[in-house]
Structure formats: C-alpha cells, structure tokens
Amino acid sequence: AAVVPRFEVVAVDAMQVYRGMDIGTAKPTAADRAAVPHHGLDLVDPDHDFAVAEFTAIAAAAITDIAARGNRAVLVGGTGLYLRTLTDPMDMPGSWPDLRAVVEARAAVEPIADLHAELAALDPLAASRMEPSNTRRIVRALEVCLGSGRPFSSFGPGLQSYPPVAFLQVGLRWERPVLARRIEQRVHRMMAEGLLAEVTGLADRYPRWSRTARQALGYKELVDHLEGAVSLDEAVASIVLRTRQFAVRQERWFRRDPRVQWIDIHDDPVAEALPVIGTLLS
RNA sequence: GGUCGAGUAGCUCAGUCGGCAGAGCACACGCCUGAAAAGCGUGGGGUCACCGGAUCGACGCCGGUCUCGACCA
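Heads up: the first sequence begins at 55 in my numbering, then just goes up one per residue.
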C-alpha cells in the first residue's frame, strides 16, 4: 500500500526556540503539536545565547529526517534570516570570540568610521553593503575577515541574490490598519492568558536571561516593568508598538524577495490562504 | 471675577538680539551573512491657537479674543 505523505512543521522562529517562553511567542499549543509533528521548538533555556548557526544545524537536520520519513516539511515563521539559511545555499562563516572581543573593545573607543575604513581595505564589497554607522555589522565583518583570513563577502552570494529554491514560498499579508488592530487585540489577549505571570516565573528561575531571549517582544517590556522601570500600562503599550513595528519590518524583509508569492488576507487566514496554496502546489 | 503660566509636526517639547521652522518619538521607505522579535540609514509632514496693529521683515514686539493649567478671591 502506498504511504501517504504527511506534513511536519518546522518552526522558523528565533524566540520559539526558548523553553518556557510560550504565551508571548504564540507558540503552537500541545494540541497543535499532538496533531502535527513540530520541530524547532523548545530547543534551549532562556539563559542560553542562541544564534543563527545553531538553529540552521538543527532545522536542516529536521528537514532531512522529514524527507527520509517520506513526509513533507512545512517551514512556518517570520525570522527571515533563519529562513534564508535553510532555503538558500548560505555558507555561514563561523565565529572567533576572542577576535570579536578585541574588535568590540576597539569599537567602543574608536570612531566607527575608522573601523568601516579598515573593513573597506580588507573587503571593499562587504564594506559597501553596510552603512558606515552600523557598528554591529562592521564588527562582525571584521571578526570574520580577521578570523578566517578570507573576505567576509566571500561567504555565499549575499542576501541580494535570489536563486531558485526548492520551496514554494508564500507570504500572508494584511492591510496595515487591520494588522494594527489585530496586534493590539493579540497583545491584550496574551496578557489575559497570563503573560505577566509567565514572565515573572521565568524571571525567578533565570535571573540572567541571554541577550537574545531578553529582547523578545513582550518579555523585554514586562521584565522592564518588573524591575520598576515602567508602569504596566506603559509596558503593554510598548509591546503593542514594538510588535507592530516588527510586523512591518518582517513584511519589508520578505517583500524584497521576488520568490515569495503574496496572499492578501482580509478576515480568515486559513480559509483564504489554503485554497490558493493548494493551487500553487498542484 | 483677578493674577501668573502655557498654546509651535500625529505626540512630547526646543526655538538666543525680530532675519529661510527645529529635535526626539511616531509614520513611510530602504539596508542587513553567527544578537535578526536585534541593528543601521533615508524621507514626508507646519494657518507657530485666533483677529488686528507697529515694522522693510514677526513664532518672537503691541492690543484684543479663545482654550487649558496653577494660584488668589
């Protein structure tokens, strides 16, 4: 008898990788996960500094396993860079923590323009690709150039290159005013579901969150509130605002990728998108 | 009712001696290779509360009106 392929979900989400951060990351529920196998969730504790390469290794292995089972992988989520490392042949450069510390120390003291000029000498292409004021990117590029002995830009074709991929890529898009209203409702729903209690519990268990987990929408603001920096109302308003800005930034990230097919959603994402996706797959 | 203060971008507010209207945030747009729910940049936006006056020229000075706040009665 022929085996019917099943779908398995790979979450492509930089924050759903953290155990215990459930409500604020809108993590799939136990029921969801019982119905369909999920991967990429609950990989590390919130005191763990997580980064792209770690995700890529785990998710790529999951995709391989899914294929070996004869099933189909559905990559779901909004962390654009993480997705690119799975869909595109990206050659991630590695890391040199000691060198990075040295460069970061210099960046704290020297004018960033000087470091950018230094990068331009080592790797003109990489230097031209980033703003001369973007300290974080310049430090990273210098770390790679000095550590690997190769130009940073020699690792892969860069984000502007969009070769054909083995995936159908679909983006769901809402009108901005509707998006704004839904985000506000979503944040208030999360608060009603106990987000503050979740954050309080995590703050007790993990006095020092990782830099990455600490910046998560909803968690950052509520920790700020627990530390007395802002009122609860201010924290909630800030979550709404930052979530809205993030959603727009996501749309901008994917919008420039010509391989993404957009589906405009007006009311019901499942009912409106599923038939279109079915057509695109057939 | 009286005194004082305030009224400038969507919001919070700068604006020196009268000489082209400013900032931060928001918003729009763009960038990004091991922090990416992060980071960086570009841009649009004004009846300077209103009416009048003096001046070559007013957000600013003079007179009046309205609104808000504090204090006095």
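Glycine included, C-beta positions come from ideal geometry on N, C-alpha and C.
On a predicted model such as this, the values are computed, not experimentally measured, just so you know.
query, result
"Buried or exposed by the 16-neighbour rule on C-beta atoms within 10 Å, applied to P100", "buried"
"Counted within 10 angstroms of its Cβ, other Cβ atoms place H279 as buried (16 or more) or exposed", "buried"
"Whole-Å CB distance - R227 paired with W316, under 8 Å assumed", "5 Å"
"W307 - DSSP class collapsed to helix/strand/coil", "helix"
"G54 versus I112 - alpha carbon distance", "Given that the chain is displayed from residue 55 to residue 336, the structure contains no residue 54 and the question cannot be resolved."
"Proximity below 7 Å, CB of F221 to CB of T141", "yes"
"Through-space distance from D318 to A267, alpha-carbon basis", "31 Å"
"DSSP beta-bridge partners of R126", "F61"
"A327 versus A234, R154, I237 and G225, residue with shortest Cα-Cα distance", "G225"
"Alpha carbon of E197 to alpha carbon of A89, nearest angstrom", "44 Å"
"Whether I173 touches A181 by CB criterion (7 Å)", "Residue 173 is actually Leu in this sequence, not Ile. In contact: L173 and A181 (Cβ atoms closer than 7 Å)."
"Alpha-carbon to alpha-carbon, E229 and R190", "32 Å"
"Span separating the alpha-carbon of S292 from that of E275", "7 Å"
"Straight-line gap, R204 to D152 (C-alpha atoms, nearest Å)", "17 Å"
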